[in-house]
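Numbering-wise (our numbering), the sequence shown opens with residue 36 and increments by one.
Glycine included, every Cβ here is placed at the ideal spot set by N, Cα and C.
Since this is a predicted model, take the numbers as computed values, not measurements.
Take a look at the structure set out below.
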Amino acid sequence: MKSKAIIFGIISIFFSTVLFSQYSIQLTDGTKIETSKYKFDEQNQMFLYKNKRDKTRVLYCQEVFSVIEENGNEEVFYRCREEGIDPTLEQFRDYLQGHYDARDNYKAKGAMFTGFALGAATVYAVPTIGLSTLYAPALPTAGNIISGSIKIKAKNLNISPEYANNQCYIDGYLEMAKRKKITRTLFGTSIGISVGIASAIILFK
36 MKSKAIIFGI ISIFFSTVLF SQYSIQLTDG TKIETSKYKF DEQNQMFLYK
86 NKRDKTRVLY CQEVFSVIEE NGNEEVFYRC REEGIDPTLE QFRDYLQGHY
136 DARDNYKAKG AMFTGFALGA ATVYAVPTIG LSTLYAPALP TAGNIISGSI
186 KIKAKNLNIS PEYANNQCYI DGYLEMAKRK KITRTLFGTS IGISVGIASA
236 IILFK
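Structure below.
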C-alpha cells in the first residue's frame with residue numbers, strides 16, 4: 036500500500052516538474068522508447084515517462100540503460116554490479132548495438148516462408164489424415180517450436196567486420212535475430228492459414 040502511495044505521489048509531481056523535449060529511453064533488453072516527457076526519481080529509482088497515448092508509465096532504474104536527448108547528449112544509468120560477472124558499460128553498449136543492428140538488418144525471410152508453408156499445409160493436412168480440427172494448431176505450433184530452437188550461426192549473418200570478433204555484439208545480434216525469426220515464423224503461419232482457408236473454400240465449395 037505504501038509503495039502505491041509513493042508511485043501516486045511521484046506521478047502527481049511529474050506534470051509540474053517534467054522536462055519538455057524529445058528523448059529516447061534505451062532499455063537493457065534492447066527496446067527503445069521514444070517520449071517527449073520523462074522524469075527520473077532518484078530516491079525511489081524510478082522513471083516516469085509519457086507513452087504515445089499520452090499515458091504515464093513507470094520503469095525501474097535497473098530496466099534502463101541510458102536516456103538520449105534530441106541533441107545527442109546521453110545520460111547512462113546502467114551499472115556493473117559485479118565486476119567480472121556482469122558486462123562492463125562498453126560491453127553492454129556493444130551488446131545493445133548488436134540488438135539494434137539485427138533489428139534493422141536481419142530479415143528472417145526463410146522463417147516467414149516456412150511459417151507460411153506450415154500454416155497453409157495445416158488447412159489441408161489435418162482433415163486429410165482424419166484428425167479433428169481441434170488438432171489444427173498442432174502442426175504450425177510444432178513447426179514454430181522447431182524453428183525457434185534451431186540455433187542461428189553467426190557466420191551466416193551479415194555482421195560488419197568491425198564487430199566480427201566482438202562476442203558481446205554478436206550475442207546481442209543473435210538474440211534479436213532469434214526473436215525476429217520466431218516473430219516472422221508466427222506471422223508467416225497466420226498468413227498461410229488464412230490463405231489456406233480461403234483457397235479451400237474456393238476449391239471445395
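Task: Asp-121 - DSSP class collapsed to helix/strand/coil - done: DSSP places Asp-121 in strand when its eight states are reduced to three.
Task: CB of Tyr-73 within 9 Å of CB of Tyr-58, strictly - done: In contact: Tyr-73 and Tyr-58 (Cβ atoms closer than 9 Å).
Task: Option nearest Lys-142 by Cα separation, candidates Gly-227, Thr-63, Thr-218 and Ser-234 - done: It is Thr-218 whose Cα lies nearest to the Cα of Lys-142.
- [ ] Measure the alpha-carbon distance for Thr-224 versus Phe-112 and round it to whole angstroms.
- [x] Spanning the alpha carbons of Thr-224 and Phe-112 requires a straight line of approximately 40 Å.
Task: Contacts around Asp-121, its chain only, beta-carbon distance under 6 Å, and the 5 residues preceding and following it disregarded - done: A distance below 6 Å between beta-carbons, with the five flanking residues on each side excluded, links Asp-121 to the following residues of its chain, in chain order: Cys-115.
Open item on the list: Let me check one thing: in DSSP terms, what residues is Thr-91 bridge-paired to?
Closed with: Partner(s): Lys-85.
Open item on the list: Looking only at its chain, what residues have a beta carbon closer than 7 Å to the beta carbon of Phe-75, apart from the 5 residues adjacent to it on each side?
Closed with: Taken in chain order, the residues that qualify are Phe-82.
Open item on the list: Considering only their Cβ atoms, is the gap separating Ile-226 from Tyr-208 smaller than 9 Å?
Closed with: 9 Å or more divides the Cβ of Tyr-208 from the Cβ of Ile-226.
- [ ] Look up Gln-61 in the DSSP assignment and give the residues it is bridged to.
- [x] DSSP output for Gln-61 lists Lys-67 and Ser-101 as bridge partner(s).
Task: C-beta atoms of Phe-127 and Thr-66 nearer than 9 Å - done: No; because the gap between Cβ atoms is not below 9 Å, this pair is not in contact.
Task: Extent of the continuous beta strand (DSSP E) to which Glu-110 belongs - done: Element bounds for Glu-110: 109 to 111.
Open item on the list: In whole angstroms, give me the CA-to-CA distance for Gln-202 and Val-158.
Closed with: The straight-line gap from Cα to Cα measures roughly 43 Å.
- [ ] Check whether the Cβ atoms of Gln-132 and Tyr-84 lie closer than 9 Å to each other.
- [x] Not in contact: Gln-132 and Tyr-84 (Cβ atoms no closer than 9 Å).
- [ ] Tell me whether the beta-carbon of Ile-68 lies closer than 9 Å to the beta-carbon of Asn-79.
- [x] Not in contact: Ile-68 and Asn-79 (Cβ atoms no closer than 9 Å).
Task: According to DSSP, residues forming a beta bridge with Tyr-135 - done: Paired residue(s): none; Tyr-135 is not in a bridge.
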